[in-house]
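**Student:** This is the structure I have questions about; it appears just below.
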Amino acid sequence: MQIALAPMEGLVDDILRDVLTRVGGIDWCVTEFIRVNDQLLTPAYFHKFGPELLNGARTAAGVPLRVQLLGSDPVCLAENAALACELGSEVIDLNFGCPAKTVNKSRGGAVLLKEPELLNQIVEHVRRAVPAHIPVTAKMRLGFDSPDGSLVCATALAEGGAEHIVVHARTKMDGYKPPAHWEWIPRVQDVVKVPVFANGDIWSVEDWRRCREISGVEDIMLGRGLVSRPDLARQIAAARAGEEVVEMTWAELMPLIQDFWLQAKAQMTARQSPGRLKQWLAMLTRNYPQATELFTVLRRETEPDQVSRLLGLPLVEAA
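So for the sequence shown, full-length UniProt numbering puts the first residue at 1; every next one is plus one.
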């Protein structure tokens, strides 16, 4: 079984990838999508989204990072995929699942599920452009407004050369509304010979067990469930191995929150960094009452030094 950390735009950046992969249980992670239009991007742009490329395409915990590209131009995607490989990405992932209206309007993400022939062309071009030993993978939803075309789309991706396919078991129009339709995943797996990963609505070990039973697949990708329960991958790995599942306590989580804040404060502007912390805390409230208390205290706070004080961190005096 492989457990992957999902690429979520505006949420799972390099800081959160660093913190979450240190908890354990995650086999690989993905950059936020890198949008490709009509030009070859610069190395600096790739490093902005995947600074881990400067560290052997690994997080500090040693978890492999793969670059994800989003776009609709097969040639331009192929050129940028080749550059990403030169910069150190050991896998190229292609995004056909983003439901954002702004992305879809610019012909990227899930809107391409309306064009299975184009999906096939994109994967074929990228597959030919990158070294043979570099896998090309894809992430898709069940369709744009209906899952009826999902089997055709998955087939197009697999025949184009995708080594595995992650299926977020909702359509674009479903957004993130529950439930995820795990019952479609075995139908997808039946029509392709490559591994299929299940993604969507796995918030707990119990959810994982039900997903595995319904979908029939072993490999999974965790998104919001892992962000809101940072040890979920570790819990699932333990359950899969028949080991005792020991949940992370708030006392164990708090140092990670503090480290996340210190990294955000160092890398972001004073205006941005408090918002990033509150974004994660808001998701943690799903499983930790203490996160609700801390979020309430920090909710209106915009001064970084005061945030540090409320997190129990010492202030560093200016030289």
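Glycine residues also receive a C-beta, built at the ideal position from the N, C-alpha and C atoms.
Name the two residues that bound the continuous alpha helix (DSSP H) containing residue 46.
**Tutor:** 43-49 is the span of the alpha helix (DSSP H), which, as asked, contains residue 46.
**Student:** Excluding the 5 residues flanking residue 100 on each side, which residues of the same chain have their C-beta closer than 8 angstroms to its C-beta?
**Tutor:** So the list reads 9 and 109, once near-sequence residues are dropped.
**Student:** Drop a sphere of 10 angstroms on the beta-carbon of residue 288, count the other beta-carbons inside from all chains shown, and report buried for 16 or more, exposed for fewer.
**Tutor:** Under this definition residue 288 is a buried residue.
**Student:** Could you tell me which of 227, 165 and 306 sits nearest to residue 96, measuring between CA atoms?
**Tutor:** Comparing Cα-Cα distances from residue 96 to each of 227, 165 and 306, the minimum goes to 165.
**Student:** Since I believe residue 254 is in contact with residue 230 (beta carbons under 8 angstroms), could you give me their beta-carbon distance rounded to a whole number of angstroms?
**Tutor:** Not quite, the Cβ-Cβ distance comes to about 11 angstroms (not below 8 angstroms), so this is no contact.
**Student:** Would you check if the distance between the CB atom of residue 123 and the CB atom of residue 80 is smaller than 8 angstroms?
**Tutor:** Result no, Cβ atoms of residue 123 and residue 80 do not sit closer than 8 angstroms.
**Student:** Run through DSSP, which three-state label would residue 55 get?
**Tutor:** Helix, per DSSP.
**Student:** Hey, could you find the ends of the beta strand (DSSP E) residue 292 is sitting in?
**Tutor:** Per DSSP, residue 292 belongs to no beta strand (DSSP E); it is in the alpha helix (DSSP H), 289-298.
**Student:** Taking the C-alpha atoms as reference points, what is the distance between residue 310 and residue 210?
**Tutor:** Cα to Cα, residue 310 sits roughly 40 angstroms from residue 210.
**Student:** Compare the C-alpha of residue 82 against each of 191, 40, 154 and 223 and name the closest.
**Tutor:** Of the candidates 191, 40, 154 and 223, the one whose C-alpha sits nearest the C-alpha of residue 82 is 40.
**Student:** Is it right to say residue 246 is buried, meaning 16 or more other beta carbons lie within 10 angstroms of its own, or is it exposed?
**Tutor:** Exposed is the call here.
**Student:** What residues in its chain sit with their C-beta under 6 angstroms from that of residue 203, if we drop five residues either side in the sequence?
**Tutor:** Cβ within range, chain order: 225.
**Student:** Which residue marks the beginning of the alpha helix (DSSP H) containing residue 211, and which one marks its end?
**Tutor:** Taken as a continuous stretch (DSSP letters only), the alpha helix (DSSP H) holding residue 211 covers 205-215.
**Student:** What's the gap between the Cα of residue 128 and the Cα of residue 72?
**Tutor:** Cα to Cα, residue 128 sits roughly 16 angstroms from residue 72.
**Student:** Using a 10 Å radius around the Cβ and a threshold of 16 neighbouring Cβ atoms, would you call residue 32 buried or exposed?
**Tutor:** Classification of residue 32: buried, given that the 10 Å Cβ count is 16 or more.
**Student:** Would you call the region 262-279 in contact with the region 299-306, where contact means no fewer than 3 C-beta pairs closer than 8 angstroms?
**Tutor:** They touch, by the three-pair rule.
**Student:** Excluding the 5 residues flanking residue 89 on each side, which residues of the same chain have their C-beta closer than 7 angstroms to its C-beta?
**Tutor:** Cβ within range, chain order: 53, 57, 66 and 67.
**Student:** The beta strand (DSSP E) that contains residue 222, what's its start and end?
**Tutor:** Residues 220-222.
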